[in-house]
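Notes for the one structure printed next.
2 protein chains.
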Amino acid sequence: MTAKRSRMSAKDRKTVILDVATGLIATHPWEDVTVAQIHEAAGISKGGFYHHFTSKEDVLTAVLMRLADASTAAGQAVYERSEGGPVARFTTFLAATARWELAHADQIMGVIRIALREGNEPILLKLEQEAQRRATPLMRTLVRAGVEQGVFDVVDVEMTVDLLQRAWRLRWVVLAEARQRCAAGDLSGGRALLEQRLQLEERMTSRLLGCTNTPVRMPDPEEFADFLCSA
Amino acid sequence: MTAKRSRMSAKDRKTVILDVATGLIATHPWEDVTVAQIHEAAGISKGGFYHHFTSKEDVLTAVLMRLADASTAAGQAVYERSEGGPVARFTTFLAATARWELAHADQIMGVIRIALREGNEPILLKLEQEAQRRATPLMRTLVRAGVEQGVFDVVDVEMTVDLLQRAWRLRWVVLAEARQRCAAGDLSGGRALLEQRLQLEERMTSRLLGCTNTPVRMPDPEEFADFLCSA
Numbered sequence: 001m002t003a004k005r006s007r008m009s010a011k012d013r014k015t016v017i018l019d020v021a022t023g024l025i026a027t028h029p030w031e032d033v034t035v036a037q038i039h040e041a042a043g044i045s046k047g048g049f050y051h052h053f054t055s056k057e058d059v060l061t062a063v064l065m066r067l068a069d070a071s072t073a074a075g076q077a078v079y080e081r082s083e084g085g086p087v088a089r090f091t092t093f094l095a096a097t098a099r100w101e102l103a104h105a106d107q108i109m110g111v112i113r114i115a116l117r118e119g120n121e122p123i124l125l126k127l128e129q130e131a132q133r134r135a136t137p138l139m140r141t142l143v144r145a146g147v148e149q150g151v152f153d154v155v156d157v158e159m160t161v162d163l164l165q166r167a168w169r170l171r172w173v174v175l176a177e178a179r180q181r182c183a184a185g186d187l188s189g190g191r192a193l194l195e196q197r198l199q200l201e202e203r204m205t206s207r208l209l210g211c212t213n214t215p216v217r218m219p220d221p222e223e224f225a226d227f228l229c230s231a
Numbered sequence: 001m002t003a004k005r006s007r008m009s010a011k012d013r014k015t016v017i018l019d020v021a022t023g024l025i026a027t028h029p030w031e032d033v034t035v036a037q038i039h040e041a042a043g044i045s046k047g048g049f050y051h052h053f054t055s056k057e058d059v060l061t062a063v064l065m066r067l068a069d070a071s072t073a074a075g076q077a078v079y080e081r082s083e084g085g086p087v088a089r090f091t092t093f094l095a096a097t098a099r100w101e102l103a104h105a106d107q108i109m110g111v112i113r114i115a116l117r118e119g120n121e122p123i124l125l126k127l128e129q130e131a132q133r134r135a136t137p138l139m140r141t142l143v144r145a146g147v148e149q150g151v152f153d154v155v156d157v158e159m160t161v162d163l164l165q166r167a168w169r170l171r172w173v174v175l176a177e178a179r180q181r182c183a184a185g186d187l188s189g190g191r192a193l194l195e196q197r198l199q200l201e202e203r204m205t206s207r208l209l210g211c212t213n214t215p216v217r218m219p220d221p222e223e224f225a226d227f228l229c230s231a
């Protein structure tokens with residue numbers, strides 16, 4: 001063990017393992033990644049790895065939960081700084097969430113690649129459920145504020161929050177397809193796919209919130225331009 | 001091996017195992033059920049059991065998929081016989097589905113008990129996903145018919161079908177709670193819980209379908225009276 005290793009606290013070691021795994025998810029097919037690769041890249045012994053995690057799958061789950069936590073924290077921070085009425089604040093929240101996700105696009109695409117592999121459905125489902133659970137309190141606050149100020153007219157706050165999250169959940173699958181089209185040379189096709197998706201989510205969001213006259217806006221498609229061209 | 005056993009075809013043996021397991025789910029805590037209990041009750045050897053299933057969990061999955069298939073087939077049969085405009089046919093479909101589920105309430109409650117146990121989330125999620133996948137083609141037909149006849153005004157057929165199923169998915173959890181209240185003597189509380197749930201689903205369904213002026217109706221709460229009082 002090197003001097004550097006011995007100075008790392010258990011918490012640091014765990015963080016380093018997660019950082020390395022997060023990097024590997026973004027850059028390698030996860031099925032090819034081994035526990036040895038993770039602990040070696042982390043500069044940690046095999047025993048040190050198994051002190052914190054039981055398996056490669058265990059690390060994956062922890063990475064996904066950490067991503068979900070970071071996304072929620074980013075949304076919360078932007079919400080707290082945001083101003084204006086409920087529609088404006090909701091729109092700001094959606095834009096900030098999209099921006100955070102785009103800044104972590106490599107990791108998210110890595111997660112989608114893992115999730116789409118046969119047999120990995122439980123991972124996707126768990127991630128979806130956990131991410132939704134974390135995002136729900138802030139969503140509830142956003143929806144309630146609009147209802148209290150008479151701007152939103154919802155059937156039921158809890159069900160609306162659940163259905164909103166459901167309505168948005170496939171955006172990254174569409175984004176991945178749009179980027180593939182762009183990479184294959186069909187720039188207008190890729191862009192059209194993204195724009196259709198955002199319009200669809202915008203109409204469904206405003207219908208669920210009962211604010212079709214003053215709709216909540218989805219992020220500007222321009223925000224996604226770099227992502228679409230970076231394949 | 002008895003004469004009876006040797007006369008059973010492989011298909012029959014599989015069906016008997018599933019029938020026995022379905023009965024056990026409805027009547028026993030699943031965590032207490034053993035493979036031996038299943039194959040003995042089915043009058044089949046241990047080897048015969050493992051010819052068809054790898055484990056108790058494997059049987060459970062097959063039971064759940066068979067329930068989902070039967071539910072879908074029941075809905076489809078009623079839809080084909082139904083008459084009237086899209087709203088009437090949709091309402092008939094919802095009533096028939098509720099009636100089928102109530103006729104299989106013991107199994108469904110057994111499944112919910114299993115699903116709510118810690119560690120069993122993947123089972124619940126898989127069942128939800130599979131049941132939804134099976135129900136989607138008919139739902140799509142129902143929604144499209146209303147759109148074509150100008151009765152429904154949806155944001156998008158696919159997303160609407162997905163969100164409708166999501167909006168209905170917790171009804172049995174509420175039904176279970178309502179029945180518990182009735183069993184504890186609070187008949188009006190149990191009944192109110194059920195009625196609130198049905199009203200909520202009705203409003204969300206009509207909002208998603210864009211037919212709030214001529215709403216699709218949820219089943220009559222009276223249909224659930226026997227279920228609520230049978231705890």
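Heads up: the protein sequence lines correspond to chains L and U, in order.
Residue numbering for the first sequence follows full-length UniProt numbering, starting at 1 and increasing by one per position.
Residue numbering for the second sequence follows full-length UniProt numbering, starting at 1 and increasing by one per position.
Yeah, the Cβ is synthetic: ideal placement off N, Cα and C, and Gly gets one too.
Here's the rule I'm using: 16 or more other beta-carbon atoms within 10 Å means buried, otherwise exposed. How should residue i be labelled?
i: P29(U); result: exposed
i: G47(U); result: exposed
i: K11(L); result: exposed
i: G119(L); result: exposed
i: E201(U); result: buried
i: C182(L); result: buried
i: G84(L); result: exposed
i: T22(L); result: buried
i: E101(L); result: buried
i: H51(U); result: exposed
i: L116(U); result: exposed
i: A178(U); result: buried
i: A103(L); result: exposed
i: R81(U); result: exposed
Which residues in chain U sit within 7 Å of residue i, going by Cβ to Cβ distance?
i: L127(L); result: Simply none; closest approach about 11 Å.
What three-state label does DSSP hand residue i in the structure shown?
i: G23(U); result: helix
i: S45(L); result: coil
i: L18(U); result: helix
i: C211(L); result: coil
i: L170(U); result: coil
i: Q180(L); result: helix
i: G189(U); result: helix
i: E118(U); result: coil
i: T99(L); result: The question names Thr, yet the displayed sequence has Arg at residue 99(L). Residue state, collapsed to three classes: helix.
i: G75(L); result: helix
i: T54(U); result: coil
i: residue 233(L); result: Summary: the structure shown does not reach residue 233(L), with chain L confined to residues 1 through 231, and so no result is reported for it.
i: H104(U); result: coil
i: V161(L); result: helix
i: S9(U); result: coil
i: V155(U); result: coil
i: P221(L); result: helix
i: E83(U); result: coil
i: T141(U); result: helix
i: Q149(L); result: coil
i: S206(U); result: helix
i: V111(U); result: helix
Are the beta-carbon atoms belonging to residue i and residue j less than 8 Å from one another?
i: L94(L); j: M204(L); result: no
i: Y79(U); j: L138(U); result: yes
i: F224(U); j: L142(U); result: no
i: V111(U); j: L125(U); result: no
i: T214(L); j: V151(L); result: yes
i: A26(U); j: D106(U); result: yes
i: P221(U); j: L198(U); result: yes
i: V33(U); j: L24(U); result: yes
i: L175(L); j: F227(L); result: yes
i: R99(U); j: V155(L); result: no
i: I123(U); j: W172(U); result: no
i: E130(U); j: A77(U); result: no
i: A96(U); j: A73(U); result: no
i: Q149(U); j: P86(U); result: yes
i: A62(L); j: L18(L); result: yes
Residues of chain U with CB under 9 Å from residue i, in chain order?
i: L163(L); result: L163, R166, A167, M204 and L208
i: D58(L); result: None at all; the shortest Cβ gap to chain U is about 15 Å.
i: P122(L); result: E121, P122, L125 and K126
Cβ closer than 8 Å: which chain L residues qualify as neighbours of residue i?
i: L94(U); result: Here the premise fails: no neighbours, minimum Cβ distance about 17 Å.
Along chain L, in chain order, which residues have C-beta atoms closer than 7 Å to that of residue i?
i: L200(U); result: V155, D156 and M159
Is residue i near the ligand NAP, in the sense that its beta carbon is under 7 Å from a heavy atom of that ligand?
i: R179(L); result: With respect to small molecules bound, the structure shown includes none, and the ligand NAP cannot be examined in it.
With three or more beta-carbon pairs closer than 8 Å as the criterion, would you say the region 149-161 of chain L touches the region 185-192 of chain L? no
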